[in-house]
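Enquirer:
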Amino acid sequence: MIQKFFWGLYEMFLGRPIPANFTNDYREVVFPNTGLLLIIITLAIVLIYYYVLNRMMSTGLYKTQHWVMFLVLNAIIAFIIPVVQVNANGIDTHSYTFMFAFLNVIYSLVLFFLFSILLKRGSVQAWTTPVKWPNKK
Amino acid sequence: MLPNTKFYSIHIALIGLLLTLAGCYTKQSAEEERDPDIAVPPQGRSSAEAPAEPTELQEPSTVHVNVYLEISNGMKGFMPPVVAGKAGTEFQERMNRLVSEVQDGRYVDRKAFYLAKEDAQGKPVLDSVSYNVIKKYIANGIRDDVRGTPLPEMLRAALQQSLDHEAVAVIISDFIHGPSDQGQFLSLDSDIRGALREAERQGLVVAVLGDLSAFHGTYHPAVKKPEVRRILKGEQIPFYTWVIGKQPDVQVVINRVFRDLPQQQAYFGFAYKTTPFSALLKSGNFKPAGIVYCSSRNADPCTSVNLQPQPDEQVEFTVGIDLSTLPANMQRVAYLKQHLKVMGNGCRAAMVSVIATDEGIRATPDLARYTHFVRVQVTQLTANSGSVYIQLPHVYPAWVEKWSTENDNNPIKEPGRTYQLTKIMDGVQALYRDQSDHIFNVSVQFNKAD
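Chains B and G, in that order, are what the protein sequence lines are.
1 is the number of the first residue of the first sequence in our numbering; add one for each residue after it.
1001 is the number of the first residue of the second sequence in our numbering; add one for each residue after it.
1. Chain B partners of G/C1347, CB-CB under 7 Å?
2. I need the DSSP call for G/G1416, collapsed to helix, strand or coil.
3. Classify G/G1023 as buried or exposed, calling it buried when 16 or more other Cβ atoms lie within 10 Å of its own Cβ.
4. I'd like to confirm the pairing. Which residues does DSSP put opposite G/M1343 in its beta bridges?
5. What residue does the alpha helix (DSSP H) around G/L1204 start on, and which one ends it?
6. Starting from B/N24, find everything on chain G with Cβ-Cβ shorter than 7 Å and list it in chain order.
7. Give the C-beta separation of G/T1472 and G/F1185 to the nearest angstrom, bearing in mind that I take them to be a contact with Cβ-Cβ under 8 Å.
8. If we define contact as Cβ-Cβ less than 8 Å, is B/N21 a contact residue for chain G?
9. Does the segment 43–55 of chain B come close enough to the segment 115–125 of chain B that 3 or more CB-CB pairs lie under 8 Å?
10. Given a limit of 8 Å on CB to CB distance, which residues of the segment 1281–1292 of chain G reach chain B?
11. Which residues in chain G have a C-beta closer than 9 Å to the C-beta of B/E11? List them in chain order.
12. Does B/R16 come within less than 8 Å of chain G when only Cβ atoms are used?
13. If distances are taken between C-alpha atoms only, which option among G/I1355, G/L1209 and G/L1326 comes closest to G/N1285?
14. G/V1292 and G/V1315 - do their beta-carbons sit closer together than 8 Å?
15. Give the secondary structure of B/T42 by DSSP, where H, G and I count as helix, E and B as strand, and everything else as coil.
16. Return the first residue and the last residue of the alpha helix (DSSP H) that B/F13 is part of.
17. What runs of the beta strand (DSSP E), each 3 residues or longer, lie entirely inside the segment 1346–1382 of chain G?
18. How would you label B/M1, buried or exposed, when you count the other beta carbons within 10 angstroms and need 16 or more for buried?
19. Could you check how far apart the C-beta atoms of G/V1206 and G/Y1068 are, in whole angstroms? I think they sit under 8 Å.
20. Using DSSP with H/G/I as helix, E/B as strand and the rest coil, what is B/G35?
21. Between which two residues does the beta strand (DSSP E) containing G/V1170 stretch?
22. What three-state label does DSSP hand G/R1201 in the structure shown?
23. Please confirm if the segment 1090–1099 of chain G is in contact with the segment 1208–1218 of chain G, defined as three or more CB-CB distances below 8 Å between the two stretches.
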């Protein structure tokens, strides 16, 4: 079920895995691993940014530029994970691998933004980062 | 300063998280799956096929062999007395090696040697002799005066005795039929079939090896006109070695005891029901083309694939097959190229190439198990699932036609022919006609890739 979800999520834009003989490795291992890690790590970074750095501690990292720094950090991790996953499973590297990593970066940006919007209201210093919307105070 | 140190410690925490999570869907390696110590429920292959394998494939380490040498007058020319300084005939050399391998070779357990002749009533007699006696016959020639032995009777008697002894029958003869009643020529095929009926009933197989040897002496043709007999001085006359027994035993005899076989070979009743094979989809040596992947990620061997040929990209992949138990001449690439068939059920499939293993391929452990590699092409699917078959059909050996003649009266003009050999072989062929059509049949299941 989870495998099917991530398989669809990535193949929606990437098409069938190439080289095709590693289709099962992508679908059963690499896509679900990458997708799950993407969600967990993005959520963790968002939580750390809003709740640890800007609530439990007062680090002064509440500006949008700081938020962007964490967004980029998450994107870098999101690029590295697929490449590592592909190599760790003995799959021949192909330009598909990098398209996949690139798509994962885009998903990481979207997800980071989404989590930020959902969770920023609980932050003390950064509840308006990156934008004030939808919170009103 | 404080924010910065926090920042780095978060970094470290993140990397730690990444490392712990990296293993959530790890690839299970093929080695792990093969490991017998791991208590995983047996997969389809190991539970279903494992019990069948030993009976089918494992050759016994030793076999019992009965050797029958026909010693009618017609055989005398193959065995002229050997004199120093003059080489023996091919027949003598080959037979000497054969009986020596049977006597002293490590693959033969119980052995017995017989001289096949007929008594005054025309009944076949099988004289049990020692190794030294049969060796003497081969080297010094036949002194006895024995008229032509009727073929079917000799085969029947030798077969029955070998069945009783649970031994492989090795029958050496020129197979020139010499019946007392000429009418028997008409029914030669059905008589041969009748004589060997018990072999088929008991699940035995027949291998026929044809060879040529110089012939020095009186030649007794089957067709008695114009000459009843001729004196030959080294013309090439065929002789045959028939091997009858259980398939694994016969394999041991022809592959290990005889070793160098003549080019002319014919096999009847041979079938290999469990030929080890695997679609090779992740091997660096044989890269597949098009959309094809193993249905199960870790299957080893991979016997089921998912595929989807595209109009502009056909599917091609390689199947490794272990044919090491097949008779040697069937393992030749030229033979396989000519006779191997790739057929699809639910798809259009064809064979691209077939190669034998070599040093480079054997260096890859996963490929060392297979002796041959068949490249298969699938151009179109006609159903969502089906099979790709790789089959080796029973082929009537072409040499039989060439070695057969309707008139063997003049071997000087037409050397290397045997009277009505086709008819003799037809008789054996008819015996096994209703058995499986293929020597082996490998089927790779497929599903349309989703």
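Positions of the beta carbon are idealized from the N, C-alpha and C atoms, including for glycine.
Expert: By the coordinates alone:
1. Correct list: empty, because the minimum Cβ distance to chain B is about 16 Å.
2. Of the three classes helix, strand and coil, the one that applies to G/G1416 here is coil, per DSSP.
3. Note that G/G1023 scores a pLDDT of 45, beneath 50, so its modelled location is shaky; the value from the coordinates is reported in the next line. G/G1023 comes out exposed.
4. The partner list for G/M1343 (beta bridge, DSSP) reads G/Y1389.
5. Looking at the DSSP string, G/L1204 is not in any alpha helix (DSSP H); the run it does join, the beta strand (DSSP E), is L1204 to Y1219.
6. Within 7 Å Cβ-Cβ: Y1293, C1294 and R1297.
7. Given a span of 1001 to 1450 for chain G in the structure shown, any question on residue 1472 of chain G remains unanswerable.
8. Residue contact with chain G for B/N21: present (Cβ-Cβ distance below 8 Å to some residue of chain G).
9. With the cut-off at 8 Å, the segment 115–125 of chain B and the segment 43–55 of chain B touch.
10. Going along the segment 1281–1292 of chain G in chain order, one finds L1281, K1282, K1287, P1288, G1290, I1291 and V1292 with a Cβ nearer than 8 Å to chain B.
11. The contacting residues do not exist; B/E11 stays about 11 Å from chain G at best.
12. Among the CB atoms of chain G, one or more fall inside 8 Å of the CB of B/R16.
13. Answer by Cα proximity: G/I1355.
14. Yes, the Cβ-Cβ distance between G/V1315 and G/V1292 is below 8 Å.
15. In this structure, B/T42 counts as helix in the three-state DSSP scheme.
16. Residues I2 to L14.
17. Counting only runs of at least 3 residues, the segment 1346–1382 of chain G fully encloses the following beta strand (DSSP E) elements, listed from N- to C-terminal order: 1347–1356 and 1372–1381.
18. Exposed, by the Cβ-count rule.
19. About 14 Å separates the two Cβ atoms, so there is no contact after all.
20. Of the three classes helix, strand and coil, the one that applies to B/G35 here is helix, per DSSP.
21. Its beta strand (DSSP E) spans residues V1168 to S1173.
22. Assigned with DSSP and collapsed to three states, G/R1201 falls in helix.
23. By the Cβ criterion, the segment 1090–1099 of chain G is in contact with the segment 1208–1218 of chain G, since at least three pairs of Cβ atoms, one from each stretch, lie closer than 8 Å.
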